[in-house]
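Colleague: Have a look at this one.
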Amino acid sequence: MRQMDIRTVLLFLAVPVWLVISSAVQGDLGKIGPDGDDVMRLVQVKDLLAGQAWFDMHQFRMGPDGGTPMHWSRLADLPVLALYALFSLFMSADSALVWAYSAWPPLSVLVVVAGLYVGARHLDGKGGGLACLVLSVFVFSTHYRFAPGALDHHGLQLGLLALAIGLALDPQRRAARLAGSGLALAASVAIGGEVYVFVAAMCGFVALDWLIVGTAARRGAIGFGAGLAAGLELAFFATISPGQYEMVACDALSSVSLLAGLAGGLGLVAAALAASRRPWPLRLGALVGVGAICVATLLLAGPQCLSNPLDDLSPEVKTLWLDRVDEARSVFSARGDLIARLGFCLGITLLALGVSLWSLHRRRQVRAHLLFILLLVAALGMSVYQVRFYVFGHLFAVIPLGLWIAEVYRSGKARNPSSVTYIGALALSLPFLWALPGVFIAPDVQTNRAGDKADCLQDDLFTTLNALPPGRVLASADFGPILLNKTRHSVLQGNYHRNHEGISRAIDLLLSGEGESRELLAVNGIDYVMTCPADAETLLLSAHDPEGLAARLRQDEVPVYLVPVPMRGDMDLPSRIFRVVPKDSPEEDF
């Protein structure tokens, strides 16, 4: 094996190896990720292994009677299930599951790095590919989305997007590679609707490329459109039950996204077959026709999908729930660490956008940098809407910044063999460097509330709950997935917009006055109430209504129909559990 090949392999392996080592040093290896979505994904996988149907994503233990229909896709469960099946051959089922959800996130980063490496190699050969790998090591080796236990679907989704970009950058526009790009985009859409804007940008890029180039892009456009259509169809029939084929879901793969995607993909195939050798005005007309068909399909099949699904939330739920979900806030939302957060989230995205605009100005790799500009602008816009989208900006920035680092390296070495100017370019391409000014300005800002949650959720709490008969627990939305994972109980609410009814009822309960709390507990079938004074939701609701149930329990004003449950173990926990005494119970007469 040549030296370059050895270095390439080592750089590929550096990211997952470092993620595992870092997790082990911090004592987190073998634990599920701290994000509530990681825990809920594990709950869904456990339900599947326990016998729940493949097509059934319903979470029966969360929400009011009937549960909550989750909008997630089974496609994201496939890698975990495959690893679980492998590990089950030589270890217990419980150990196999722990190994599966620990191993998959670091392995998924290999898909990301491979996609970016392929794209960089297409544009700048081995030098660009190597620079892209070096930058990827710094950007992704500490990224929480790929840490062991980070089971949520975002890692796979980022990998599929990276793969789609890398294949689409093929300068020869080979049909097989563009078809692979379309397939990867279709799979990313099937996994989650967060990528709609970025997939639209990719589709617009391929269509614009065909419009400008014509015949030279014909095979690539046909391959891309066919891959996109075939991928959506395969994902639809693989994950949607026959009884739901006609159901419209705006936040997940459903009939409306399938029909719109088929119209766009097959429309592009038809346009490329019919008009590639025609003058560009006719090609433009063909694309306008395809776009009109897509819009008409969307309007006919699911006009409600033109609005934001979060608009359906009630004002109270928006104020007391959505506005405190950190990832749903704008990147500009007021916080003490605003400057550091802006630098970390947007710094390298803006730098990459500047690099691509400058390359476009110099007429260098125009086709590729046009794609980067579309994606980077989309990522910036979505980050302004919700901060969670910043990670896509980091993903899209790696290739243009890697190419820039490689160019600085070559030009510097050409002038002076001992030049190290490329190190400066590499440093500027690291997200944490852009956060440093904000850290120096506000060094004492506390941005992580995980400690409060950890204090509330100790093992003795779960031991106590598991000793009680299964029932429905009223607790903070943040605690919902963890209680589902650690106990046999159900919960009324969790941080998921489809659980709107459960969240709304929980807020009404926790704000209820002394004369209405018991009736609401009975109406909602609540068997147990869990509180923790350090919980952010408890603090917010207590401040919002000092006379509400949450505030009264926080002040130890416990009504007679809530019986404290003694905690098991020796630890003095801040959390408390109360058993609800039903009306007309013999216990009612104290």
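According to the numbering used here, the stretch in the sequence shown is residues 2 to 591, in order. C-beta atoms are modelled at their ideal positions from N, C-alpha and C, and glycine is treated no differently. As the structure is a prediction and not an experimental result, all values here were calculated from the model.
1) Rounded to whole angstroms, what's the CA-CA distance from SER283 to ALA227? Just pull it up for me.
2) Is it the case that the Cβ atoms of TYR85 and ALA101 are separated by a distance below 8 Å?
3) Give me whichever residues DSSP pairs with ILE578 in a beta bridge.
4) In whole angstroms, what is the alpha-carbon distance linking LEU285 and MET71?
5) What does the Cβ neighbour count give for ALA51, buried or exposed, with the cut at 16 atoms within 10 Å?
6) Per DSSP, which residues does LEU475 bridge with? Please list them.
7) With 16 other CB atoms within 10 Å as the buried threshold, where does VAL581 fall?
8) Rounded to whole angstroms, what is the Cα-Cα separation between ASP48 and VAL21?
9) Between which two residues does the beta strand (DSSP E) holding VAL1 run?
10) If we call anything under 8 Å between Cβ atoms a contact, is ALA535 one with LEU542?
11) In whole angstroms, what separates the C-alpha of ASP557 from that of GLY472?
12) Taking 7 Å as the limit between beta carbons, can you name the residues of its chain near LEU485, skipping five residues before and five after?
13) If contact is defined by three or more beta carbon pairs under 8 Å, each pair taking one atom from either stretch, is the stretch 176–186 in contact with the stretch 215–233?
14) List the endpoints of the continuous alpha helix (DSSP H) containing SER96.
15) Assuming GLU520 is part of the alpha helix (DSSP H), what are its boundary residues?
16) Measuring CA to CA, which of GLY413, GLY126, GLY439, THR320 is closest to ILE504?
17) With a CB to CB cut of under 6 Å and the five nearest residues on each side skipped, what residues in its chain are close to ALA287?
18) Taking 7 Å as the limit between beta carbons, can you name the residues of its chain near GLY348, skipping five residues before and five after?
19) Taking just the CA atoms, how far does VAL399 sit from CYS133?
20) Alpha carbon to alpha carbon, how far is HIS545 from SER513? Give it in angstroms, no decimals.
21) Enumerate in chain order the residues of its own chain whose CB-to-CB distance from VAL1 is below 8 Å, with the five nearest sequence positions on each side excluded.
22) Apart from the five residues just before and just after LEU521, which ones in its own chain have a Cβ nearer than 6 Å to its Cβ?
23) Is PRO70 helix, strand or coil by DSSP?
24) Counting only runs that start and end within the stretch 163–234, where is the alpha helix (DSSP H) found for 4 or more residues in a row?
25) Taking the Cβ atom as the reference point for each residue, do PHE397 and ALA380 lie within a distance shorter than 8 Å?
26) When the Cα atoms are used, what is the spatial distance from GLY167 to LYS32?
27) State buried or exposed for HIS154, treating a residue as buried only when at least 16 other CB atoms are found within 10 Å of its CB.
28) Can you tell me where the alpha helix (DSSP H) with ALA151 in it begins and where it stops?
29) Tell me the rounded alpha-carbon separation between ARG450 and CYS457.
30) Please go through the same chain and pick out, in chain order, the residues whose beta-carbon is closer than 6 Å to the beta-carbon of GLY268, but skip the five residues on each side of it.
31) Identify whether MET63 lies in helix, strand or coil by the three-state DSSP scheme.
32) Taking LEU164 and PHE199 to be in contact with their CB atoms under 8 Å, please state how far apart those CB atoms are, rounded to whole angstroms.
33) Contact between the stretch 311–320 and the stretch 353–371: three or more CB pairs below 8 Å?
34) Can you check whether the CB of LEU254 is closer than 8 Å to the CB of PHE238?
35) Is the beta carbon of MET568 less than 8 Å from the beta carbon of ASP461?
36) Can you say whether ASP590 is buried or exposed, counting buried as having 16 or more other CB atoms within 10 angstroms of its CB?
Modeller: Concretely, from the data shown:
1) Looking at the sequence provided, one finds Leu at residue 283 rather than Ser. Their Cα atoms are separated by approximately 21 Å.
2) yes
3) MET531
4) 40 Å
5) exposed
6) VAL530
7) buried
8) 27 Å
9) No answer is possible for residue 1: it lies beyond the span of the chain, which begins at 2 and ends at 591.
10) no
11) 23 Å
12) VAL44, ARG62, MET63, VAL492
13) yes
14) 94–141
15) 518–524
16) THR320
17) ALA272, ALA276
18) PRO432, TRP435
19) 6 Å
20) 12 Å
21) Residue 1 cannot be examined here, being either before or after the span of the chain that is shown, 2 to 591.
22) LEU510, SER513
23) strand
24) 176–192, 197–214
25) yes
26) 33 Å
27) buried
28) Element bounds for ALA151: n/a, residue is neither H nor E.
29) Residue placement at ARG450 cannot be trusted, given a pLDDT of 45 that sits under 50; what the coordinates show is reported in the next sentence. For ARG450 and CYS457, the distance between alpha carbons rounds to 11 Å.
30) VAL291, ILE294
31) strand
32) That pair is no contact at about 13 Å.
33) no
34) no
35) yes
36) Because ASP590 sits at a pLDDT of 48, beneath the cut-off of 50, its placement in the model cannot be relied upon, and the following sentence gives the value as read from the coordinates. Exposed, because fewer than 16 other Cβ atoms sit within 10 Å of the Cβ of ASP590.
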